[in-house]
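Undergrad: If you scroll down you'll find the structure; I have some questions about it.
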Amino acid sequence: MFKAEVKVMLRSAILDVQGKTVEHSLHSLGYGGVGHVRIGKHITLEIEAENLQEAERIAREISRQVLSNPVMEDFEVTVHEAEVEEAR
Amino acid sequence: MKIGVVVFPGSNCDHDAYYALKHEIGVDTTFLFHKEHDLQDVDAIVLPGGFSYGDYLRCGAIARFSPIMREVVKFAQSGGPVIGICNGFQILCEAGLLPGALLRNRDLRFISKHIHIRVVNNRTIFTGELQDGEILRIPVAHGEGNYHADADVLQQLHAEGRIVFQYCDPQGNVTEEANPNGSQFNIAGIVNAKGNVLGMMPHPERACSPLLGSTDGLGIFRSIVRSLEIVAA
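Residue numbers (numbering that gives the first Met the number 0), protein chains in the order written: chain A, 0 to 87; chain P, 0 to 232.
The structure is reproduced here in structure tokens:
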């Protein structure tokens, strides 16, 4: 069993209006030194696969096909082996 | 002649589209359920507005993979007329039947009001009964209607006359002030390269009766029916 974490962010060329709004709010709270606030999604998956390479391939395929829209978003995938749960 | 209106979980303009087609236009209309694989021999398909699958992940992202959409994609690829309204437009973009994507509105607000759009190209099956430059007063109701595409795609849409509707002021001027959501080029509706798939954010089905405050949406449905009659003749 493998665990995958997928980070989906709006492409840098696209204005992130949500991030901008949070940034303005932070400024009004007095955090004047905060900038470039961007908001994205963090998705976790468990994947059954033969090996790490296969799990990474599946995670990337899913990210490209479903979890992100390449017109507006970029994604990053990290996959690691899930720790074996101790027998109860 | 029969027109199908697709029903996804969370569609909320399906009955409006059905009513407009069946009772205002007078054409045989049927619902197509999202889990079905059978298009029931319809001659045109409407992807209605709403919040399919709760707009989870991204607007239209889950609907795009529903069983009926596999058939809709095949139908569209073989030249069948498909009109996606609001959420339907978002689904068409997610499905790759139209280029670009619809981002969060520039001002973050959900916008629900009557706006004006200008007919930029009346040489499509969706606008044949309208005039170039005609101004339609039609409602919008969306949170993600900010049309975005890469510069080369926009250039192509423009050059090929595929920008069909643009947001404008009541006099027909395409201005930044008249742009409700930040869409590039004030884009309110586009067609695919073949011209048989239209996506638009405004709701023509909500402007089909004097009771609703406008009948400006009728021309779009009349154009589709007229084009089908010509094909049948």
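Glycine included, every Cβ here is placed at the ideal spot set by N, Cα and C.
Computed from a predicted structure; not experimentally measured.
#1: Can you tell me where the beta strand (DSSP E) with P:His141 in it begins and where it stops?
#2: With H, G and I counted as helix, E and B as strand and the rest as coil, what does DSSP make of P:Cys58?
#3: For my contact list, P:Val45 and P:Ala75 are in at a C-beta cut-off of 8 Å; report their separation, rounded to the angstrom.
#4: If I'm right that P:Gly198 touches P:Phe88 with Cβ under 8 Å, what's the distance once you round it to whole angstroms?
#5: Output needed in chain order: residues of the region 103–134 of chain P with a Cβ under 9 Å from some Cβ in chain A.
#6: Out of P:Met68, P:Gly48, P:Pro47 and P:Gly25, which has the shortest C-alpha to C-alpha gap to P:Glu35?
#7: Rounding to the nearest angstrom, what Cα-Cα distance links A:Ser27 and P:Val72 in this structure?
#8: Name the chain A residues that come within less than 8 Å of P:His147, Cβ to Cβ?
#9: Examine chain P for any beta-carbon lying closer than 9 Å to the beta-carbon of A:Val5, and answer yes or no.
#10: Just confirm the distance between the C-beta atoms of P:Val119 and P:Met200, as a whole number of angstroms; I'd bet it's less than 8 Å.
#11: In this structure, how does DSSP classify A:Leu44 when only helix, strand and coil are distinguished?
#12: Taking buried to mean at least 16 other C-beta atoms within 10 Å of its own C-beta, is A:Val78 buried or exposed?
#13: Counting along the chain, where does the alpha helix (DSSP H) carrying A:Lys19 start and finish?
#14: What would DSSP say about P:Lys193, mapped onto helix, strand or coil?
#15: Give the residues of chain P in contact with A:Thr20, contact being defined as C-beta atoms less than 8 Å apart.
#16: Does any CB atom of chain P fall closer than 9 Å to the CB of A:Gln17?
#17: So P:Gly87 is in the alpha helix (DSSP H); what residue range does that whole segment cover?
#18: Report the start-end ranges of each beta strand (DSSP E) in the region 24–55 of chain P that is 3 residues or longer and not cut off at the edges.
#19: Nearest chain P C-beta to A:Leu66 closer than 9 Å, yes or no?
TA: Quick look at the numbers:
#1: Its beta strand (DSSP E) spans residues Ile134 to His141.
#2: The DSSP-derived three-state label of P:Cys58 is coil.
#3: Contact check for P:Val45 and P:Ala75: beta-carbon distance about 12 Å, past the 8 Å limit, so the pair fails to qualify.
#4: Cβ atoms of P:Gly198 and P:Phe88 come within 8 Å of each other, at about 3 Å.
#5: For the region 103–134 of chain P, which is checked against every Cβ of chain A, the residues closer than 9 Å are Arg103, Asn104, Arg105, Asp106 and Leu107.
#6: In this structure, P:Met68 is the residue among P:Met68, P:Gly48, P:Pro47 and P:Gly25 with its C-alpha nearest to the C-alpha of P:Glu35.
#7: It is roughly 48 Å from the alpha-carbon of A:Ser27 to the alpha-carbon of P:Val72.
#8: Chain order gives the chain A residues near P:His147 as Ile13, Val70 and Met71, where near means a beta carbon separation below 8 Å.
#9: No, its Cβ sits nowhere closer than 9 Å to a Cβ of chain P.
#10: The Cβ separation is near 14 Å, so there is no contact.
#11: Under the three-state reduction of DSSP, A:Leu44 is assigned to strand.
#12: With 16 or more other Cβ atoms within 10 Å, it is buried.
#13: First-last of the alpha helix (DSSP H) with A:Lys19: Val16 to Ser27.
#14: The answer is coil: DSSP assigns P:Lys193 none of H, G, I, E or B.
#15: Near A:Thr20 (Cβ distances below 8 Å), the residues of chain P are Leu107.
#16: At a cut-off of 9 Å between C-beta atoms, A:Gln17 counts as an interface residue with respect to chain P.
#17: Here the alpha helix (DSSP H) through P:Gly87 covers Asn86 to Glu93.
#18: Listed in chain order, they are 27–32 and 43–46.
#19: A:Leu66 counts as touching chain P.
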